[in-house]
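These notes are about the structure you will find just below.
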Amino acid sequence: MSREKKTVWELERFALEIRRQTIRELHSLGSGHVGGCMSIVELLAVLYGERLQVDPANPRWEERDRLVVSKGHAGPAVYAALALRGFFPLEQLETLNRPGTKLPSHMDAQKTPGVDMTTGSLGQGVSAGVGMALAARMDKRSCQVCVVAGDGECDEGQVWEAALFAAAQGLDNLTLIIDQNHLQLDGSTDEVLSLGSLEEKLRAFGWQVLSVEDGHSIPQLRQALSAAWSGKDGRPTAVVLNTIKGKGYPAAMRGPNHHMIISDGDFEEAMEALAQEEQRLREREEAAGCTR
Amino acid sequence: MYQIAERYPLDGAEMREIYCRTLEECMEADPAVVALDADLMTPLGIAGLWKKRPERIFNCGIQEANMVGVAAGMAREGKKPFVHTFGVFASRRACDQIYMSCAYGGNSVCIVGSDPGVASALNGGTHAPNEDIAILRACPTMTVVEPADAQTLRCLIPQLAALPAPSYLRLFRRQRPRIYPETETFSIGKAKQLTQGEDAAILACGIEVYEALEAAARLEQEGIRVRVLDLFSIKPLDTQAVLAAARETGAIVTAENHNILGGLGSAVAELLAEECPVPLERVGIRDQFGQVGPMDWLMEHYGLTAGDITEKVKRVIARKGKK
Ligand SMILES: Cc1ncc(C[n+]2csc(CCOP(=O)(O)OP(=O)(O)O)c2C)c(N)n1
Ligand SMILES: [Mg+2]
Chain A
4 MSREKKTVWE
14 LERFALEIRR
24 QTIRELHSLG
34 SGHVGGCMSI
44 VELLAVLYGE
54 RLQVDPANPR
64 WEERDRLVVS
74 KGHAGPAVYA
84 ALALRGFFPL
94 EQLETLNRPG
104 TKLPSHMDAQ
114 KTPGVDMTTG
124 SLGQGVSAGV
134 GMALAARMDK
144 RSCQVCVVAG
154 DGECDEGQVW
164 EAALFAAAQG
174 LDNLTLIIDQ
184 NHLQLDGSTD
194 EVLSLGSLEE
204 KLRAFGWQVL
214 SVEDGHSIPQ
224 LRQALSAAWS
234 GKDGRPTAVV
244 LNTIKGKGYP
254 AAMRGPNHHM
264 IISDGDFEEA
274 MEALAQEEQR
284 LREREEAAGC
294 TR
Chain Z
3 MYQIAERYPL
13 DGAEMREIYC
23 RTLEECMEAD
33 PAVVALDADL
43 MTPLGIAGLW
53 KKRPERIFNC
63 GIQEANMVGV
73 AAGMAREGKK
83 PFVHTFGVFA
93 SRRACDQIYM
103 SCAYGGNSVC
113 IVGSDPGVAS
123 ALNGGTHAPN
133 EDIAILRACP
143 TMTVVEPADA
153 QTLRCLIPQL
163 AALPAPSYLR
173 LFRRQRPRIY
183 PETETFSIGK
193 AKQLTQGEDA
203 AILACGIEVY
213 EALEAAARLE
223 QEGIRVRVLD
233 LFSIKPLDTQ
243 AVLAAARETG
253 AIVTAENHNI
263 LGGLGSAVAE
273 LLAEECPVPL
283 ERVGIRDQFG
293 QVGPMDWLME
303 HYGLTAGDIT
313 EKVKRVIARK
323 GKK
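Residue numbers (the numbering used here), protein chains in the order written: chain A, 4 to 295; chain Z, 3 to 325.
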């Protein structure tokens, strides 16, 4: 599976579609972890759109890049990306959280094709990603292991135990992406447990650290992930994304958005906003002289 | 559907409201009472109180093990901490801190684990504590309680605060049927008998008490009279009441929203095997992981309904007197 080259426009369209499908999926259920799903949509578009070497026809392909979404409550967004990438039919998204589903609210590698690690208890996915990177190095596989963690998740001591160990092992096949949306469940990270500078902490722990000023900017994400994948200097890499929790779901901007009831009105409003966004993207692309 | 619905109507207040209100009363009465949480104050409904009393209530962030360790240190210095997180994280992520820093170290902390068993519903298998009673019951000096209604909860909180050793409160957060009048009092270690009967006894805790009462009502229509005991105090167990039920009915069914391994059913089985062996059937999750689904569906899936209890009662009665 060689890496496909995509245009920014294509990736932006992909992000838009992930967002649309995620909101549909959550609306079909009536509630869910909207905030944490929305903040990683563009990241997922770049990962599944071009960065991760994966094979939807063979989800367990040995040489694939691994993705551990340690903030397991973002499952619905990952499922939308996987479905759009062809791991399973789009219609399956409507089984989210239904009895007997393969798409449970928190990610389950034993149930969902394309999910590499079961997560849901915050912090554990970071350690698991470190273990996968260590195993890949032992087996001399050239694949990369990518972990996505929440900023609130970084409250867990386990995250820092994993960070120390990964650096001590020199796991340069490991990338930890932190979704720094400055919010956790009970409020802002400053109110609940101030994290200070994650960048400085990780650097002090021996990691190579990159910051993405706008974690919803496709070009910025591409550049950072490309650097993370290629920067082989014996250190694990952390990428800190500055994101907006609930991004792209208008109702999420009006109050607490960690877990939300998704009313029909809020859903319609979001679909309308996405339709307008789609129109804007199209116009911008046409103005740029693209024939698509 | 439920015959007993009128007799035991849903309580107007959610269990979490009762929890927060009673904890606040305890704080007012005793300056040593403090509360800690791990970024789950919103689901517990205690975020308002946190803002009101920041000198007594602490949000540790998402770090359960540290939270319990900190609470143990506070207890060492005379504080009476109540720490809350979901039951899975309370019992599993902070297990060693509960065991060593709290119990072994002789420091009294009340651990509150919410969303027991199938109450984890749409959060799914990662969030379903089906083994928390088993884990904590195996820890010496621990008290383990699971109230069936708001009145029980209200009475237990001050008692937990006063205990000399750590405790685990298994807390259902939402509304429950009102089983007891507001005048009812409870003591840790003493079961409550809810119905009379000599054909069999159902020993239940938590949400299963209501199911047991419904099962008893249905069985009564068939002429089968069962004694229902609310074993809200799982440890210490009311051995007298359990043994009396075994001797006087000769057939026991246990019912719990938990794995049948290590929970209430096990506690009862251990006692009966040693002191008064009688036929026993256990209603509970049969050594399976949790999964996502609405709570009603999960109760049916895992066999926790009044109908399941009714069947087990008939089966256990049929076994009476047989070798
Ligand atoms: C160990 C553990 N403790 C508590 C929770 C409950 N919980 C789920 S999400 C969440 C907040 C997560 O915040 P953050 O990591 O910042 O994620 P995001 O903002 O991206 O949603 C909490 C406390 C959990 N899933 N795991
Ligand atoms: Mg966050």
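Where a beta carbon is used, it is the ideal one built from N, C-alpha and C, also for glycine.
Please list the partners that residue i has in chain Z, where partner means a Cβ-to-Cβ separation under 7 Å.
i      : result
A:E156 : I64
A:P62  : Correct list: empty, because the minimum Cβ distance to chain Z is about 20 Å.
A:G75  : T128
Can you pull the chain A neighbours of residue i, defined as C-beta to C-beta under 9 Å?
i      : result
Z:L42  : L188 and D189
Z:A49  : D189 and G190
Z:H129 : S108, H109, G123 and S124
Expressed to the nearest angstrom, what Euclidean distance is found between the alpha-carbon atoms of residue i and residue j?
i      : j      : result
Z:I113 : A:G39  : 28 Å
Z:R220 : Z:K237 : 30 Å
A:E275 : Z:L25  : 46 Å
A:E97  : A:G249 : 21 Å
Z:P11  : Z:Q5   : 11 Å
A:R101 : Z:K324 : 43 Å
Z:C62  : A:K105 : 34 Å
Z:S93  : Z:A257 : 21 Å
Z:E148 : A:D154 : 34 Å
A:R295 : A:G75  : Summary for A:R295: the model assigns pLDDT 47, below 50, so the residue's position carries little reliability; its value from the coordinates is reported in the next sentence. Approximately 36 Å between the Cα atoms of the pair.
A:S5   : Z:G292 : Low confidence applies to A:S5: its pLDDT is 48, below 50, so where it sits in the model is not reliable, and the reading given next is rough at best. Approximately 39 Å, taken between the alpha carbons.
Z:Q65  : Z:K322 : 50 Å
Z:I48  : A:L179 : 33 Å
A:Q223 : A:Q127 : 28 Å
A:S229 : A:A136 : 18 Å
A:V133 : Z:Q161 : 45 Å
A:N260 : A:H36  : 8 Å
Z:R78  : Z:A271 : 36 Å
A:A77  : Z:I204 : 42 Å
Z:R9   : Z:P183 : 11 Å
A:L244 : A:S191 : 16 Å
Z:G225 : Z:G305 : 24 Å
Z:R341 : Z:S103 : Residue 341 of chain Z lies beyond the range of chain Z shown here (3 to 325); nothing can be said about it.
Z:I100 : Z:G71  : 8 Å
What whole-angstrom Cβ distance do residue i and residue j have, given they're in contact under 8 Å?
i      : j      : result
Z:D13  : Z:Q177 : 6 Å
A:Q161 : A:V129 : 7 Å
Z:D32  : Z:A163 : 7 Å
Z:E133 : Z:G264 : 6 Å
A:V148 : A:V72  : No, A:V148 and A:V72 are not in contact; Cβ-Cβ is about 12 Å, not under 8 Å.
A:S31  : A:I247 : Incorrect: roughly 24 Å between the Cβ atoms, too far for contact.
Z:M29  : Z:A152 : Going by Cβ atoms, the distance from Z:M29 to Z:A152 rounds to 19 Å, so no, they are not a contact pair.
A:P107 : A:F90  : About 16 Å separates the two Cβ atoms, so there is no contact after all.
A:L205 : A:A231 : That belief does not hold up - the Cβ atoms of A:L205 and A:A231 are roughly 13 Å apart, past 8 Å.
Z:L38  : Z:V85  : 5 Å
Z:C207 : Z:L233 : 5 Å
Z:A269 : Z:R180 : Wrong, their Cβ atoms sit about 26 Å apart, outside the cutoff.
A:L277 : A:L85  : Wrong, their Cβ atoms sit about 20 Å apart, outside the cutoff.
Z:D130 : Z:G107 : Checking the displayed sequence, the identity of residue 130 of chain Z turns out to be Ala instead of Asp. 29 Å between Cβ atoms; not a contact.
A:T10  : A:A83  : Incorrect: roughly 21 Å between the Cβ atoms, too far for contact.
Mind listing the chain A neighbours of residue i? Cutoff is C-beta to C-beta under 7 Å, in chain order.
i     : result
Z:A67 : G160
Z:R95 : S124
Please list the partners that residue i has in chain Z, where partner means a Cβ-to-Cβ separation under 9 Å.
i      : result
A:P102 : Q293, V294, G295, P296, W299, L300 and H303
A:L196 : D41, N61, C62, G63, I64 and Q65
For residue i, which residues in chain Z fall below 8 Å Cβ to Cβ?
i      : result
A:L125 : I64
A:S108 : L124, N125, G126 and V294
Run down chain A in chain order and give the residues with a C-beta less than 8 Å from the C-beta of residue i.
i     : result
Z:F84 : In chain order: nothing, as chain A lies at least about 16 Å away.
Z:V90 : S124
Next on the checklist: Just to confirm the assignment: which complete alpha helix (DSSP H) runs, minimum length 4, are found wholly within the stretch 265-318 of chain Z?
Outcome noted: Runs of the alpha helix (DSSP H) inside the stretch 265-318 of chain Z: 266-277 and 297-303.
Next on the checklist: Restricting to runs no shorter than 4 residues, where is the alpha helix (DSSP H) found entirely within the stretch 125-188 of chain Z?
Outcome noted: Correct list: 134-139 and 152-164.
Checklist entry - What beta strand (DSSP E) runs, 3 residues minimum, are completely inside the stretch 19-59 of chain Z? => result 35-39
Checklist entry - In chain order, which continuous runs of the beta strand (DSSP E) of length 3 or greater are located wholly inside the stretch 190-235 of chain A? => result Qualifying beta strand (DSSP E) stretches, in chain order: 211-215.
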